[in-house]
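In the working numbering, the protein residues as written are 4 to 422.
Built from N, CA and C at the ideal position, the CB exists for glycine as well.
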Amino acid sequence: MTTFPSFRTTVTTLLTGFAFPLFAAPATSAETDLAAKLPSVYARCFEQYRGLLKQMEAQKPEMQPKRWQDGKLVVIPPRDWCSGFFPGSLWYLYEKTGEAFWKDAATQYTDRLLEPLRHDASNHDVGFRTYCSAGNALRLTKDPKYAAFLHDTAAALRTRYDDEMGLICSWNNPKNLKGNGFFVPQYIVIIDNMMNLELLEWDAKNGGDPKSDLISRSQADLTDLHHFRPDGSAYHVLDYNRVTKKVHGIFAGQGACTEGTWSRGHSWAVYGFTMMYRETKNLKYLVRAMKCADYWMNEPNLPADGVAYWDFKAPRIPNEERDASAAAVTASALLELCQFAPTDKAAAYRAFGVKILSSLASDAYLAKTGENGNFLLMHCVGNKPGWYGNPKSGEVDVPLNYADYYFLEALGRFERLIK
Ligand code: GLY
């Protein structure tokens with residue numbers, strides 16, 4: 004069916020050079036199929052997370068579930084970068100059902116983070132830990148205790164910002180980074196840091212420190228300038244020289260090699276720049292988000308189901324593990340990006356987001372009830388090279404709590420798109 008541009012679309016095109024979609028496109032057969040599956044997909048999610056909550060009853064009260072590996076539940080303390088995802092997933096399940104059971108569980112798992120994390124700036128993953136948990140709690144309950152907590156955590160994150168560098172420092176004392184290896188790292192910035200900026204944007208807009216917005220824009224601007232190759236793929240780890248303020252080192256980080264493209268790092272870029280466009284309406288961020296999305300969608304090593312290998316340049320493709328977590332992040336990002344992109348691109352982003360989400364919602368990735376340690380998605384890779392070169396710490400082909408979080412978020416975004 005031909006869709007004619009509305010008066011508002013035409014005006015927007017004249018003003019900005021872009022034609023933005025201002026109405027939902029009709030559902031495709033892929034959307035109709037996914038919509039029809041949603042009740043059974045959610046039924047599995049509810050059962051699985053009821054089971055995970057049951058398992059957690061045996062754990063210490065400050066812990067959160069992170070993954071299932073070698074037949075065991077791996078739990079984490081509040082300072083782990085992944086501590087906010089399980090509470091966030093519980094909030095999404097509450098949002099879907101409105102049931103007190105999920106609200107009580109979400110409250111319990113969020114509230115155990117508040118005091119340990121309120122002033123914690125020991126690493127840069129503040130937004131992951133606090134905005135996914137308390138950000139959703141605030142959105143759904145409006146309880147001011149969560150706003151107070153988020154303002155405090157934004158203040159903690161700001162302490163990692165250096166005015167002269169114009170960047171938040173990601174890692175404190177990195178050792179054994181695999182890279183071009185000519186020098187000791189001075190000021191490490193990783194692509195993942197884009198995901199902490201939503202907290203800062205929220206802080207600046209909700210009575211916090213206006214500097215939060217300046218910091219987040221500066222971080223996004225310098226990331227946009229330095230963190231991408233000409234083909235649109237993202238580097239994971241850059242090192243800046245403290246004197247010249249220029250990038251003087253590139254490290255493989257969680258990717259296969261310096262010039263590899265670690266798929267989850269790239270997914271953080273698609274998501275982070277889409278979010279920064281939503282928050283600032285700076286077209287530069289929209290352009291970057293679209294370049295990142297285009298890279299994912301057109302990368303020759305992307306399998307037909309849209310779920311990437313853990314690194315797009317992993318050495319043994321096609322005999323490499325997929326990373327369903329990167330796919331979940333990208334699906335969620337595309338289902339937001341399609342609402343901002345120019346009309347001619349929007350349909351492609353929406354269709355690709357639906358394609359990835361449909362793959363993840365299939366038996367190939369969505370675990371059967373009672374399996375997978377009660378996590379939702381199978382086949383994720385946390386860090387195949389392993390922390391400090393130790394492959395045993397690598398979390399290869401396992402469920403991970405952040406894959407579940409972005410999967411549930413993407414399901415919710417899909418549902419709102421087709422309403
Ligand atoms: N540090 C975030 C990640 O592993 O994706």
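Item to check | Burial state of Val-246 (16 or more Cβ within 10 Å) | outcome: Along the sequence shown, one-based indexing puts residue 246 at 243. Its Cβ having fewer than 16 others within 10 Å, Val-246 is exposed.
Next on the checklist: Could you tell me the alpha carbon to alpha carbon distance between Leu-170 and Ala-46, rounded to whole angstroms?
Outcome noted: Reading the sequence shown from its first residue, position 167 is the one you call residue 170. Reading the sequence shown from its first residue, position 43 is the one you call residue 46. Between Leu-170 and Ala-46, the C-alpha separation is close to 43 Å.
Checklist entry - What runs of the beta strand (DSSP E), each 3 residues or longer, lie entirely inside the region 220-244? => result 240-243
Checklist entry - Among all the DSSP beta bridges, which residues are the ones paired with Glu-383? => result Taking the first residue of the sequence shown as 1, we reach residue 383 at position 380. Before going on, a small fix: residue 383 reads as Cys here, not Glu. Its beta-bridge partners are Val-401.
Checklist entry - When the Cα atoms are used, what is the spatial distance from Gly-415 to Leu-340? => result As a position in the sequence shown, residue 415 is number 412, starting the count at 1. As a position in the sequence shown, residue 340 is number 337, starting the count at 1. Going by the C-alpha atoms only, they are around 15 Å apart.
Item to check | Cα-Cα separation, His-269 to Ser-236 | outcome: Translated into the one-based positions of the sequence shown, residue 269 becomes position 266. Translated into the one-based positions of the sequence shown, residue 236 becomes position 233. Linking His-269 to Ser-236 through their CA atoms gives a straight-line distance of about 7 Å.
Next on the checklist: Can you give me the C-alpha to C-alpha distance between Lys-358 and Val-187, rounded to a whole angstrom?
Outcome noted: For the purposes of this step, residue 358 is taken as residue 355 along the sequence shown, with counting starting at 1. For the purposes of this step, residue 187 is taken as residue 184 along the sequence shown, with counting starting at 1. So the two alpha carbons sit approximately 43 Å from each other.
Checklist entry - Are the Cβ atoms of Leu-203 and Ser-221 separated by less than 8 Å? => result Sequence index remark: in the sequence shown, residue 203 carries index 200 (1-based). Sequence index remark: in the sequence shown, residue 221 carries index 218 (1-based). Between Leu-203 and Ser-221, the CB-CB gap reaches or exceeds 8 Å.
Next on the checklist: For Val-379, tell me which candidate among Asn-199, Lys-69, Asp-36 and Ala-39 has the shortest Cα-Cα distance.
Outcome noted: Counted from its first residue, the sequence shown places residue 379 at position 376. The residue you asked about is not Val; residue 379 is Leu in the sequence shown. For the residues Asn-199, Lys-69, Asp-36 and Ala-39, the minimum Cα distance to Leu-379 belongs to Lys-69.
Checklist entry - In or out: Gly-74 buried (at least 16 other Cβ within 10 Å) or exposed? => result Against the sequence shown, residue 74 aligns to sequence position 71. Result: exposed.
Item to check | Bridge-paired residues (DSSP) for Tyr-164 | outcome: Numbered from its first residue, the sequence shown carries residue 164 at position 161. Bridge partners of Tyr-164: Ile-171.
Checklist entry - Does DSSP classify Asp-128 as helix, strand or coil? => result Here residue 128 refers to the residue found at position 125 of the sequence shown. DSSP places Asp-128 in coil when its eight states are reduced to three.
Next on the checklist: Check whether chain D comes within 8 Å of Ser-221, counting only Cβ atoms and requiring the distance to be less than that.
Outcome noted: No chain D appears in the structure shown, which is made up of a single protein chain.
Item to check | Spatially closest choice to Leu-93 from Lys-148, Lys-422, Val-78 and Leu-56, by CA coordinates | outcome: Translated into positions along the sequence shown, residue 93 becomes position 90. Ranking the options by Cα distance to Leu-93, first place goes to Leu-56.
Checklist entry - Are Val-332 and Tyr-368 close, meaning C-beta to C-beta below 8 Å? => result To locate residue 332, count along the sequence shown from 1; it is residue 329. To locate residue 368, count along the sequence shown from 1; it is residue 365. No, the pair does not count as a contact, with Cβ atoms beyond the cut-off.
Item to check | Integer Cβ distance of Trp-313 from Glu-324, believed to fall under 8 Å | outcome: As a working note, residue 313 is residue 310 in the sequence shown. As a working note, residue 324 is residue 321 in the sequence shown. Yes, they are in contact, since the Cβ atoms of Trp-313 and Glu-324 sit about 5 Å apart, within 8 Å.
Item to check | Euclidean distance between Cα positions of Lys-140 and Leu-363 | outcome: Position 137 of the sequence shown, counting from 1, holds the residue named residue 140. Position 360 of the sequence shown, counting from 1, holds the residue named residue 363. The amino acid occupying residue 140 in the given sequence is Ala; Lys does not appear at that position. Cα to Cα, Ala-140 sits roughly 26 Å from Leu-363.
Checklist entry - Cβ of Trp-299 versus every heavy atom of the ligand GLY: is any distance shorter than 7 Å? => result What you label residue 299 is simply residue 296 of the sequence shown in a count that begins at 1. Outside the cutoff, so no.
Checklist entry - Near the ligand GLY, which residues have their beta-carbon closer than 5 Å to a heavy atom? => result Asp-195 and Arg-267
Item to check | Endpoints, the beta strand (DSSP E) within which Ala-71 is located | outcome: Taking the sequence shown and counting its residues from 1, the one referred to as residue 71 is at position 68. Checking the sequence shown, residue 71 turns out to be Trp, not Ala. Its beta strand (DSSP E) spans residues 67-72.
Item to check | 8 Å Cβ cutoff met for Gly-2 and Thr-162 | outcome: The requested residue 2 is not part of the displayed model; the chain covers only 4 to 422.
Next on the checklist: Taking the straight line between their C-alpha atoms, what separation do you get for Glu-418 and Lys-99?
Outcome noted: The residue given as residue 418 occupies position 415 in the sequence shown. The residue given as residue 99 occupies position 96 in the sequence shown. About 10 Å.
Item to check | Supposed contact pair Pro-388 and Ala-255 - C-beta distance, whole angstroms, cut 8 Å | outcome: Position 252 of the sequence shown, counted from the first residue, corresponds to residue 255. Position 385 of the sequence shown, counted from the first residue, corresponds to residue 388. That belief holds up - the Cβ atoms of Ala-255 and Pro-388 are roughly 7 Å apart, short of 8 Å.
Checklist entry - By DSSP, does Asp-314 sit in helix, in strand, or in coil? => result Taking the first residue of the sequence shown as 1, we reach residue 314 at position 311. In this structure, Asp-314 counts as strand in the three-state DSSP scheme.
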